[in-house]
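Each residue of the sequence shown is one higher than the last, beginning at 1 in full-length UniProt numbering. Even for Gly, the Cβ is constructed at its ideal location relative to N, Cα and C. Accompanying notes for the structure given below.
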Amino acid sequence: MSVAVRFAPSPTGLLHVGNVRLALVNWLFARKAGGSFLLRLDDTDEERSKPEYAEGIERDLTWLGLTWDRFARESDRYGRYDEVAAALKASGRLYPCYETPEELNLKRASLVSQGRPPIYDRAALRLSDADRARLESEGRKPHWRFKLEHTPVEWTDLVRGPVHFEGAALSDPVLIREDGRPLYTLTSVVDDADLAITHVIRGEDHVANTAVQIQIFEAVGGAVPVFAHLPLLTDAAGQGLSKRLGSLSVASLREEEGIEPMALASLLAKLGTSDAIEPRLTLDELVAEFDIAKVSRATPKFDPEELLRLNARILHLLPFERVAGELAALGLADADAVFWEAVRPNLSRVAEARDWWAVTHAPVAPAADDPAFLAEAAALLPEEPWDLSTWGTWTGAVKAKTGRKGKDLFLPLRRALTGRDHGPELKNLLPLIGRTRAQKRLAGETA
Ligand code: GLU
Numbered sequence: 001m002s003v004a005v006r007f008a009p010s011p012t013g014l015l016h017v018g019n020v021r022l023a024l025v026n027w028l029f030a031r032k033a034g035g036s037f038l039l040r041l042d043d044t045d046e047e048r049s050k051p052e053y054a055e056g057i058e059r060d061l062t063w064l065g066l067t068w069d070r071f072a073r074e075s076d077r078y079g080r081y082d083e084v085a086a087a088l089k090a091s092g093r094l095y096p097c098y099e100t101p102e103e104l105n106l107k108r109a110s111l112v113s114q115g116r117p118p119i120y121d122r123a124a125l126r127l128s129d130a131d132r133a134r135l136e137s138e139g140r141k142p143h144w145r146f147k148l149e150h151t152p153v154e155w156t157d158l159v160r161g162p163v164h165f166e167g168a169a170l171s172d173p174v175l176i177r178e179d180g181r182p183l184y185t186l187t188s189v190v191d192d193a194d195l196a197i198t199h200v201i202r203g204e205d206h207v208a209n210t211a212v213q214i215q216i217f218e219a220v221g222g223a224v225p226v227f228a229h230l231p232l233l234t235d236a237a238g239q240g241l242s243k244r245l246g247s248l249s250v251a252s253l254r255e256e257e258g259i260e261p262m263a264l265a266s267l268l269a270k271l272g273t274s275d276a277i278e279p280r281l282t283l284d285e286l287v288a289e290f291d292i293a294k295v296s297r298a299t300p301k302f303d304p305e306e307l308l309r310l311n312a313r314i315l316h317l318l319p320f321e322r323v324a325g326e327l328a329a330l331g332l333a334d335a336d337a338v339f340w341e342a343v344r345p346n347l348s349r350v351a352e353a354r355d356w357w358a359v360t361h362a363p364v365a366p367a368a369d370d371p372a373f374l375a376e377a378a379a380l381l382p383e384e385p386w387d388l389s390t391w392g393t394w395t396g397a398v399k400a401k402t403g404r405k406g407k408d409l410f411l412p413l414r415r416a417l418t419g420r421d422h423g424p425e426l427k428n429l430l431p432l433i434g435r436t437r438a439q440k441r442l443a444g445e446t447a
């Protein structure tokens, strides 16, 4: 049987680093095993699901290169969920309940005050036909609970190892709402069974759902998949990421922070694993290194500073072809590989290339604070054509003529030629600046 995994976000918000890490791990798992990756939109919450969020999810995954082999949308499958619900009702595994949310809250509060776990008491199972008829005549509509077997539920989790739950310690879950809508706990199982999902890899916030869902798989006659529950990412202080979802959305990392897709992938593939975090330029390298057994149970911390440092390391390695589109989008359509290779060692974000483009191709007000020396240097500028050896030849001549060396020689030249104290190697910048500009800047003119 071939491996089939799925990433099943609800399109109720932007994907953030925590969600997309699960997408990546599923994708890497599928690629490593030669299996398939399904994108499933869990959009049965019609009040909160929005088409723009669904589009955002697809855009984010595409940007990262996480292509999907199959696609499903839960809202296309209501007929199928109704069919499964009808069968579960017929077999007595789904039973109607009439408590209002207030009544359920009271029951829970009373159990908790007695120091007992707030497990649903199955009062609805004791209703007679006459009781139900009376409740319905009062205008109450039932929601439907799944009757759990009070037996142990066990599985071997690929991250957590052996997991054990007692069925009797769990509340019978509501699978159908009062308005007839099926809930995630059911729809997810029906989809995983129908779409032959072999491995469910998701966050550890779903561990208790898994105990319940294993029983639902058995009740609907579906093959129970293998489960892996990953610890959820926290921020550097160990807090959940939920408070910072906006700033840690994939869209804002891409559009506001200027993060490269492979920087995010290189970090998220390794965070919380036994592997060191290193820049990788292709997903194939991450596939080769991936092994779910390397995922630890310890809570991984996501640090935006670490991501930015990795982004810089990636940029220092990326060839021009990989950034040409981004440079063009920044208005640098004329940038070429020579320019890129000159400036990339100084970038943390591609957008910073604009500053160096301005230095090499637009008027710069030089910091020409040593005019006599600069005039001597200007007189020694070689004739064009210039290449990578021009800087060495020229400064050699300036050194011989003026007796200056080291910082006294180089810093005034850098400040005059670029208007700054730091930057890419001048050997690379000088041919881009060109003789006409260089001469004017050395003379203190804005050029
Ligand atoms: N839509 C669910 C969520 O986003 C999917 C969980 C699962 O992977 O089963 O939490």
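Identity of the residue in Leu409, Arg354, Ser10 nearest alanine 372 by Cα
For the purposes of this step, residue 372 is taken as residue 372 along the sequence shown, with counting starting at 1. Comparing Cα positions, the closest option is Leu409.
Could you compute how far the alpha carbon of leucine 411 sits from the alpha carbon of alanine 237?
Taking the sequence shown and counting its residues from 1, the one referred to as residue 411 is at position 411. Taking the sequence shown and counting its residues from 1, the one referred to as residue 237 is at position 237. Taking the straight line joining both Cα atoms gives about 42 Å.
According to DSSP, simplified to helix, strand and coil, what is glutamate 166?
Here residue 166 is taken as the residue at index 166 of the sequence shown, counted from 1. Three-state result, glutamate 166: strand.
Answer yes or no: the CB of serine 10 versus the heavy atoms of the ligand GLU, is any distance below 7 Å?
On the sequence shown, residue 10 is found 10 positions in, with the first residue counted as 1. Flag set: Cβ of serine 10 near the ligand GLU.
Figure out for me which residue from Gly406, Gly419, Leu318 has the closest Cα to the Cα of alanine 362.
Position 362 of the sequence shown, counted from the start, is the residue given in the question as residue 362. That would be Gly419, whose Cα lies nearest to the Cα of alanine 362.
Spatial distance of tryptophan 391 from lysine 405 (CA atoms):
Looking up residue 391 in the sequence shown gives position 391. Looking up residue 405 in the sequence shown gives position 405. Each residue's alpha carbon lies about 14 Å from the other.
Does alanine 54 come out as helix, strand or coil in the three-state DSSP assignment?
Translated into the one-based positions of the sequence shown, residue 54 becomes position 54. Helix, per DSSP.
May I ask you to check if the CB of histidine 422 is nearer than 7 Å to at least one heavy atom of the ligand GLU?
For the purposes of this step, residue 422 is identified with residue 422 of the sequence shown, where counting begins at 1. Result no, Cβ not under 7 Å from the ligand GLU.
Which same chain residues, not among the five before or five after arginine 48, have their C-beta less than 7 Å away from its C-beta?
Reading the sequence shown from its first residue, position 48 is the one you call residue 48. Thr12, listed in sequence order.
Report the residue from Ser348, Trp394, Leu271 whose alpha carbon sits nearest the alpha carbon of valine 20.
Locating residue 20 in the sequence shown gives position 20, where the first residue counts as 1. Here the closest residue by C-alpha is Leu271.
DSSP state of glycine 203 mapped onto helix, strand, coil:
Taking the first residue of the sequence shown as position 1, residue 203 is located at position 203. Three-state DSSP puts glycine 203 in a strand.
Using 10 angstroms around the beta-carbon of glycine 92, count the other beta-carbons present and answer buried if the total reaches 16, otherwise exposed.
For the purposes of this step, residue 92 is taken as the residue at position 92 of the sequence shown. Result: exposed.
Would a C-beta distance cut-off of 8 Å place aspartate 76 and phenylalanine 37 closer than the cut-off?
By 1-based counting over the sequence shown, the position of residue 76 is 76. By 1-based counting over the sequence shown, the position of residue 37 is 37. No, they are not a contact pair.
How would you write the range of the beta strand (DSSP E) that histidine 361 sits in, first residue to last?
Reading the sequence shown from its first residue, position 361 is the one you call residue 361. Premise fails: histidine 361 lies in the alpha helix (DSSP H), 353-361, not in any beta strand (DSSP E).
Backbone CA spacing between aspartate 284 and leucine 127 [nearest angstrom]:
Taking the sequence shown and counting its residues from 1, one reaches residue 284 at position 284. Taking the sequence shown and counting its residues from 1, one reaches residue 127 at position 127. Taking the straight line joining both Cα atoms gives about 58 Å.
What do you get for glycine 56, buried or exposed, if any count of 16 or more other CB atoms within 10 angstroms of its CB means buried?
For the purposes of this step, residue 56 is identified with residue 56 of the sequence shown, where counting begins at 1. The residue is buried, with at least 16 neighbouring Cβ atoms inside 10 Å.
Per the contact definition of three or more C-beta pairs closer than 8 Å, is the region 254-261 in contact with the region 58-69?
yes
Please state whether DSSP places leucine 318 in a helix, a strand or coil.
For the purposes of this step, residue 318 is taken as the residue at position 318 of the sequence shown. Residue state, collapsed to three classes: coil.
At 4 residues or longer, what runs of the alpha helix (DSSP H) sit wholly inside the region 261-300?
261-270, 283-289
Are the beta-carbon atoms of glutamate 278 and serine 296 separated by less than 8 Å?
Translated into positions along the sequence shown, residue 278 becomes position 278. Translated into positions along the sequence shown, residue 296 becomes position 296. Not a contact, by the Cβ cut-off of 8 Å.
Span of the beta strand (DSSP E) holding glutamate 74?
As a position in the sequence shown, residue 74 is number 74, starting the count at 1. Run containing glutamate 74: none; DSSP gives neither H nor E here.
For my contact list, tryptophan 330 and alanine 377 are in at a C-beta cut-off of 8 Å; report their separation, rounded to the angstrom.
Translated into positions along the sequence shown, residue 330 becomes position 330. Translated into positions along the sequence shown, residue 377 becomes position 377. Looking at the sequence provided, one finds leucine at residue 330 rather than tryptophan. In fact, because the Cβ distance is near 33 Å, the residues do not count as touching under 8 Å.
N- and C-terminal bounds of the alpha helix (DSSP H) containing tyrosine 95:
To locate residue 95, count along the sequence shown from 1; it is residue 95. First-last for tyrosine 95: 94-97, but that is the beta strand (DSSP E), not the alpha helix (DSSP H).
Status (buried if at least 16 other CB within 10 Å, exposed otherwise) for alanine 199
For the purposes of this step, residue 199 is taken as residue 199 along the sequence shown, with counting starting at 1. In the sequence on display, residue 199 carries histidine and not alanine. By the neighbour-count rule (16 or more Cβ atoms within 10 Å), histidine 199 is buried.
Could you give the distance in angstroms between the alpha-carbon of alanine 351 and the alpha-carbon of arginine 280?
Locating residue 351 in the sequence shown gives position 351, counting from the first residue. Locating residue 280 in the sequence shown gives position 280, counting from the first residue. Spanning the two alpha carbons is a distance of roughly 20 Å.
Environment of alanine 298 [buried if 16+ CB atoms lie within 10 Å]
What you label residue 298 is simply residue 298 of the sequence shown in a count that begins at 1. When all chains shown are included, alanine 298 counts as exposed.
How big is the Cα-Cα spacing for leucine 148 and leucine 315?
Working through the sequence shown from its first residue, we reach residue 148 at position 148. Working through the sequence shown from its first residue, we reach residue 315 at position 315. When rounded, the distance between both Cα atoms is 53 Å.
Using beta-carbon positions only, say whether alanine 23 and leucine 41 come within less than 8 Å of one another.
In the sequence shown, the residue the question calls residue 23 occupies position 23. In the sequence shown, the residue the question calls residue 41 occupies position 41. It is not a contact, given that the beta carbons lie outside the stated cut-off.
Output the distance between the C-alpha atoms of leucine 248 and phenylalanine 29, rounded to the nearest integer angstrom.
By 1-based counting over the sequence shown, the position of residue 248 is 248. By 1-based counting over the sequence shown, the position of residue 29 is 29. Their Cα atoms are separated by approximately 24 Å.
Pair within 8 Å by beta-carbon distance, alanine 337 and phenylalanine 320:
As a working note, residue 337 is residue 337 in the sequence shown. As a working note, residue 320 is residue 320 in the sequence shown. It is a contact, given that the beta carbons lie within the stated cut-off.
Starting from leucine 409, follow the beta strand (DSSP E) in both directions and report where the run begins and ends.
Indexing the sequence shown from 1 puts residue 409 at position 409. Here leucine 409 belongs to no beta strand (DSSP E); instead the alpha helix (DSSP H) covers 406-418.
Do three or more CB pairs link the region 111-120 to the region 128-135 at distances below 8 Å?
no
Does the ligand ATP have even one heavy atom less than 7 Å from the beta-carbon of valine 200?
Although the ligand ATP was asked about, the structure shown includes only the ligand GLU as ligands.
Buried or exposed for glutamine 215, going by 16 or more other Cβ atoms inside 10 Å?
Walking along the sequence shown from the start, residue 215 turns up at place 215. With 16 or more Cβ atoms within 10 Å of its Cβ, glutamine 215 is classed as buried.
In terms of alpha-carbon separation, which member of Glu260, Ile201, Gln114 lies closest to aspartate 291?
Position 291 of the sequence shown, counting from 1, holds the residue named residue 291. Aspartate 291 has its Cα closest to that of Ile201, out of Glu260, Ile201, Gln114.
Rounding to the nearest angstrom, what Cα-Cα distance links valine 359 and alanine 324 in this structure?
If you number the sequence shown from 1, residue 359 lands on position 359. If you number the sequence shown from 1, residue 324 lands on position 324. Approximately 19 Å between the Cα atoms of the pair.
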